[in-house]
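If you number the sequence shown the way our numbering does, the last residue is 203 and the count never jumps. From the three backbone atoms N, C-alpha and C, an ideal C-beta is built for every residue, glycine too. Computed from a predicted model, the values in this text were never measured in an experiment.
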Amino acid sequence: CCKIYKGQRVVKKLSDRETAQFIRTTAVPPATRKKQICNIHRTNDFTQDPMLKNLQFSIAERPLHMEGRILPAPELLMDAPVQPREGVWDARRRLFYRGADINTWVVMNYNPRFVDQRSTETFITKLLHMADEKGMKFSEPVAAFGVRTPCPEQDFTRLKQEYSNLQLVLVILGRGGDLYARIKRTGDTEVGILSQCVQA
Numbered sequence: 004c005c006k007i008y009k010g011q012r013v014v015k016k017l018s019d020r021e022t023a024q025f026i027r028t029t030a031v032p033p034a035t036r037k038k039q040i041c042n043i044h045r046t047n048d049f050t051q052d053p054m055l056k057n058l059q060f061s062i063a064e065r066p067l068h069m070e071g072r073i074l075p076a077p078e079l080l081m082d083a084p085v086q087p088r089e090g091v092w093d094a095r096r097r098l099f100y101r102g103a104d105i106n107t108w109v110v111m112n113y114n115p116r117f118v119d120q121r122s123t124e125t126f127i128t129k130l131l132h133m134a135d136e137k138g139m140k141f142s143e144p145v146a147a148f149g150v151r152t153p154c155p156e157q158d159f160t161r162l163k164q165e166y167s168n169l170q171l172v173l174v175i176l177g178r179g180g181d182l183y184a185r186i187k188r189t190g191d192t193e194v195g196i197l198s199q200c201v202q203a
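And the structure:
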């Protein structure tokens with residue numbers, strides 16, 4: 004039997020649950036974090052630490068204090084400049100400065116068990132409407148189909164051969180798995196087709 008020693012580095016992407024737990028654990032307000040650091044400093048009494056003395060290190064009693072300033076926020080250039088309010092740009096009723104033209108694109112549904120063709124078509128209709136509201140020229144997709152056994156490496160290569168001027172592949176994903184990374188690697192890097200993933 005083989006056991007992996009705890010505390011080892013993990014190089015794969017964390018699951019949604021693991022990411023949420025990680026953020027909950029590490030997201031601490033600055034004032035709370037400062038208080039924790041000051042408590043650690045006080046309880047450990049670093050001034051008497053023999054190792055630090057041997058290395059000729061010393062730790063100040065108080066945190067470093069620096070003067071700072073808040074930089075003015077940049078404006079967002081849409082059909083008219085958008086100024087941030089309370090750190091947020093509200094561009095909901097604005098058009099893109101220069102909307103893209105998407106003439107040849109495909110929708111691949113990698114989750115057909117849970118997202119049927121009718122739901123896919125409804126989503127496409129809403130997407131086209133939103134693109135129009137933002138000043139983009141989005142044609143109807145040249146194809147929209149479900150894929151029961153997804154293989155981005157083969158699927159993107161086949162699409163590249165079938166549609167020579169393909170601009171975008173929109174992929175509907177389920178939860179979990181490594182498909183997102185494979186889609187991005189294959190589409191954007193290896194085959195050279197822009198991809199956009201949406202989660203069902």
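Task: Contact the stretch 155-173 vs the stretch 183-200: 3+ CB pairs below 8 Å - done: Three or more beta-carbon pairs separated by less than 8 Å link the stretch 155-173 to the stretch 183-200, which places the two stretches in contact.
Open item on the list: Closest to Gly-180 by C-alpha separation, out of Ala-147, Gly-149, Lys-163 and Asn-114, would be which residue?
Closed with: When only C-alpha atoms are compared, the closest one is Asn-114.
- [ ] Determine the closest residue to Val-91 out of Asp-104, Ala-103 and Pro-75, with distance taken between C-alpha atoms.
- [x] Of Asp-104, Ala-103 and Pro-75, the residue nearest in Cα terms is Pro-75.
Task: Assigned secondary structure, Lys-187 (DSSP; H/G/I helix, E/B strand, else coil) - done: Helix.
- [ ] Let me know the secondary structure DSSP gives Leu-131 once reduced to three states.
- [x] Note: Leu-131 maps to helix in three-state DSSP.
Task: Alpha-carbon to alpha-carbon, Leu-17 and Met-111 - done: Roughly 25 Å separates the two Cα atoms.
Task: Straight-line gap, Leu-182 to Ala-134 (C-alpha atoms, nearest Å) - done: Those two C-alpha atoms are separated by around 26 Å.
- [ ] Name the two residues that bound the continuous beta strand (DSSP E) containing Phe-99.
- [x] Note, Phe-99: premise wrong, no beta strand (DSSP E); not H, not E.
- [ ] With DSSP collapsed to three states, give me the class of Gln-24.
- [x] DSSP, reduced to helix, strand and coil, places Gln-24 within a helical segment of the structure shown.
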